[in-house]
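Quick note, this note's numbering runs 9 ahead of the 1-based positions in the sequence shown.
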Amino acid sequence: MTEKVLFVAPAKLNPVDGNGVPLQTVRENISLPALMILGSLKAHRNEVELIDLSADSNLQLPVTETVHRFGLPDEYVVETISETRPLALLISSMFTTEQQMVDDLAASVKKAFPRLPVIVGGVHASLKPEWILESGNVDFVVMGEGELTIVDLINHLKEGRRDYEQVRGLAYWHQGSLAVTSPRPVIDNLASLQFSLDDVLMKGDNYRYIEPPTERTNLYNHLTESGWNRCFSLYYSRGCPLHCHYCASSEKDGLKVRHMGSQRMFRDFTELHRNYGVKIFYNQSDTFCDDSRDLEFMKLVREYRKERDDFVISNPNAFYVRIFFPPDHDYELNEDLLDLLAGAGVNVVTLAVETFHQKYNKKINFRRISPARIGDLLTAIHQRGMKTGIYMMYAFPDQTSEELAFDENTVASLPSLDRVDWQNCMVFPGTQYYRRGLAEGWFTDKSYRLALKKGYFFHALPSEFNFSQIPMADVQAFRRRNLSDFQ
Ligand code: B12
Ligand code: SF4
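This is the structure we're talking about:
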C-alpha cells in the first residue's frame with residue numbers, strides 16, 4: 010500500500026432517444042470537489058491522483074432503453090488500484106440522479122479490494138448518507154465541506170486509528186447502526202484552501218478539460234476564436250441568502266456568502282490564463298457579482314484585459330436579475346455594472362428568470378422589476394456587444410397550465426433575447442420541496458428512489474416527478490414546442 014490517495018469523479022448518466030443519441034450535450038465539467046479535496050490533501054503532504062471517468066472518456070453504455078452511461082468503465086479504476094495500491098479511494102457523489110454510478114463503482118472496487126477504505130463525499134452523499142452506506146461497499150461518508158474532514162480521516166487511516174468518532178463530519182456503520190459524528194462547522198477562511206490545479210487540470214502533459222465553447226450552445230461561441238477550448242470553472246464563494254424551494258445550496262453552504270477574496274481569485278485567474286492557457290472561464294458559484302468581492306475581481310480583470318484580451322468569461326449558472334436593479338439606486342438599471350461585465354470580457358449574460366410568477370420565484374421582486382424592465386436590461390446588454398440568454402423553469406409543484414402559458418408568452422414578448430433554456434423543476438433531498446413532498450405524500454423516500462431508477466433529468470420529466478397541475482400531455486407538448494431549447 011502506498012501513501013497515495015485516489016479520487017474518482019464517477020461516470021455520468023444521460024437521457025437518450027430511441028437511437029441512443031443523447032438528449033442533452035454530454036459535457037466535461039471540471040471536478041471542483043477534486044480540485045478542493047485533493048488540494049487540501051496535498052497541502053498536508055499526501056500524494057494524490059485523479060481519475061475523472063466522464064472527462065477522461067465518452068464511452069457510451071446503455072443502462073436502460075432511455076438512459077445511458079458515459080465515461081470510462083469502472084474496471085479502469087480497479088486496474089489502476091491494482092497497479093498503484095492507494096491508501097484509500099475517494100468518490101464524489103454530487104447528483105442524486107447519479108447515485109447509481111457511485112454505487113456501481115464502489116461495488117466493483119469493494120469486490121476486488123475488500124480492505125481498501127472507500128470514502129464518499131459530496132452534496133448528495135451529505136444529504137442522504139444512509140442511501141450511500143446501505144450497500145456496505147462504502148466505509149465512510151464525509152458530510153458537508155470536506156477539506157478538513159478528509160485530512161483528519163486520512164491521518165486516522167494512516168495511523169491505524171479506529172476512533173472515528175473523533176473525526177467531525179463523518180457517517181459510517183458502527184456495530185450495525187449508522188453512526189454520525191458531530192457536524193463540522195463551515196470553513197470561514199476559504200482563502201486558506203489550496204487547489205490541486207496540476208493533478209486535476211492536467212492528464213500527463215495534456216489539459217484534461219478540453220471543450221470548444223460551441224459544445225455548450227452556439228451562444229457561448231460569441232467573441233471566442235477557434236482553438237479556444239481550454240476551460241475552467243470559477244468557484245470562489247459558497248452560500249446563498251435566498252433559499253429557493255427547489256435548491257439545496259442555502260441549506261448546504263449557509264445563508265451567508267463566504268468568499269475567497271478578489272485578490273486570490275484574480276491571482277488564480279491570471280495563472281490559469283498565462284500558465285495553463287485557459288481561454289474560457291465559466292463561473293459556477295451561486296451568487297456571482299452579487300458580492301462586492303466578485304465586482305472587485307471583475308475590475309481587476311478589466312484592467313488586465315487592456316494587456317491581454319484572449320479570453321472570455323460567462324456565467325451559465327445565470328446572473329440574478331436583481332443585481333442590475335439595485336434598491337439603493339431606486340431600482341434604476343445599473344449601467345456601470347453592464348459596462349464592467351463587457352469590459353471584463355463577458356461574452357454572454359444569462360439571466361436567472363425561472364418564472365414570472367412571484368409565488369415560485371424568490372429571486373426577482375416583480376413589483377419593482379417588471380418583464381418590460383427585464384426586456385430593457387436585455388437590450389442594454391445587446392448594446393454592449395454581449396449575447397443574452399435567460400434560464401427558465403417549468404412544472405413547479407402546484408403550477409398550472411395557465412401559469413406556464415403566461416410564462417411562455419411573456420418570454421416570447423421579450424426583446425433582444427438570443428436564447429432561452431427551459432428546465433423542469435426537479436425535486437431533490439435537502440430542499441423545501443422534498444420535505445413538503447414527504448409530508449404531503451407525493452412520495453416516500455422508498456418510492457422516490459424506485460422512480461429515480463427509471464431516470465430523472467432536467468430535460469425529461471417522468472410522470473412520477475410531475476408535481477405540478479399541468480397534465481403530462483401538456484408538459485410533453487410544451488417540451489416539443491420548445492425543443493430547440495433543450496440541447
Ligand atoms: C457547479 C454546479 C453544476 C455544474 C457542474 C457540476 C459538475 N462538476 O459536474 C453544472 C452546470 C454542470 C451543473 C449541472 C446541474 N446541476 Co448543479 N450545481 C453546481 C453547484 C452550483 C456547485 C457544485 C460544485 O461543484 N461545488 C463546488 C464544490 C467544491 O463543492 P461541493 O460539491 O459542495 O463539494 C464539497 C463537499 O460536498 C465535499 N465533497 C464533495 N465531493 C467530495 C468527495 C469526497 C471524497 C470528499 C471527502 C468530500 C467531497 O467537499 C467539497 C469541498 O468542501 C451546485 C450548488 C452548490 N452550491 O453546491 C449545484 C448542484 C450540485 N446542482 C444541482 C442540479 C440539480 C443540477 C442540474 C440538474 C441542473 C439544475 N436544474 O439545477 C444539472 C445536472 C447535471 C448533471 N447531472 O450532469 C443540485 C444537485 C441536487 C442533487 N441532490 O442532486 C445542486 C446541489 C444545486 C441545487 N439545485 O440544489 N451543476
Ligand atoms: S437557486 Fe440560486 S438563488 Fe436560489 S437558493 Fe439556490 S443558489 Fe440561491
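Here a beta-carbon is modelled for each residue, glycine too, at the ideal position from N, C-alpha and C. Here the structure is a predicted model, which means the values were calculated and not measured.
Backbone secondary structure at residue i - three-state DSSP
i, result
"Glu449", "coil"
"Met435", "coil"
"Phe495", "Low per-residue confidence applies at Phe495: pLDDT is 47, beneath 50, and the placement is therefore not dependable, though the value from the model is reported in the following sentence. Phe495 falls in the coil class under three-state DSSP."
"Met211", "strand"
"Lys120", "helix"
"Gln69", "strand"
"Ile46", "helix"
"Tyr457", "helix"
"His282", "helix"
"His268", "strand"
"Ser204", "Here residue 204 turns out to be Phe, not Ser, going by the sequence shown. Three-state result, Phe204: coil."
"His252", "coil"
"Trp237", "coil"
"His183", "strand"
"His231", "coil"
"Glu92", "helix"
"Gln175", "helix"
"Ile378", "coil"
"Phe16", "strand"
"Arg489", "helix"
"Tyr504", "Nothing can be reported for residue 504, as the shown portion of the chain is limited to 10 through 496."
"Phe275", "helix"
"Asp26", "coil"
"Glu316", "coil"
"Phe290", "strand"
"Pro480", "coil"
Residue i, buried or exposed, once every other Cβ within 10 Å from all chains shown has been counted against 16
i, result
"His338", "exposed"
"Pro42", "buried"
"Pro480", "exposed"
"Arg276", "exposed"
"Ser477", "buried"
"Asp197", "exposed"
"Leu15", "buried"
"Lys21", "buried"
"Lys462", "exposed"
"Thr359", "buried"
"Asp430", "buried"
"Gln367", "exposed"
"Gly213", "exposed"
"Lys120", "exposed"
"Gly464", "buried"
"Asp172", "exposed"
Proximity below 7 angstroms, CB of residue i to CB of residue j
i, j, result
"Val310", "Ala351", "no"
"Asn356", "Val321", "yes"
"Val500", "Leu98", "Nothing can be reported for residue 500, as the shown portion of the chain is limited to 10 through 496."
"Asp295", "Thr364", "no"
"Val484", "Ala404", "yes"
"Pro138", "Val151", "no"
"Gly384", "Leu423", "yes"
"Met103", "Leu199", "no"
"Ala18", "Ser40", "yes"
"Asp299", "Tyr329", "yes"
"Leu251", "Lys167", "no"
"Thr440", "Tyr255", "yes"
"Glu7", "Ala64", "With the chain covering 10 to 496 only, the question about residue 7 has no answer from this structure."
"Arg217", "Leu206", "no"
"His391", "Leu32", "no"
"Phe290", "Phe334", "no"
"Leu59", "Asp208", "yes"
"Val436", "Ile399", "no"
"Ser271", "Arg247", "no"
"Thr105", "His133", "yes"
"Arg428", "Leu228", "yes"
Proximity test, Cβ basis, 7 angstroms: residue i and chain C
i, result
"Arg317", "Absent here is chain C; the protein component of the structure consists of one chain."
Integer Cβ distance of residue i from residue j, believed to fall under 8 angstroms
i, j, result
"Lys13", "Pro95", "5 angstroms"
"Ile332", "Gly155", "Contact doesn't hold; Cβ gap of about 30 angstroms is too wide."
"Cys249", "Ser259", "5 angstroms"
Chain-ordered residues, beta carbon under 6 angstroms from a heavy atom of the ligand SF4: Any heavy atom of the ligand SF4 counts here; residues with a Cβ closer than 6 angstroms to one of them, in chain order, are Cys249, Leu251, His252, Cys253, Cys256, Ser258, Ser259, Asp295 and Lys372.
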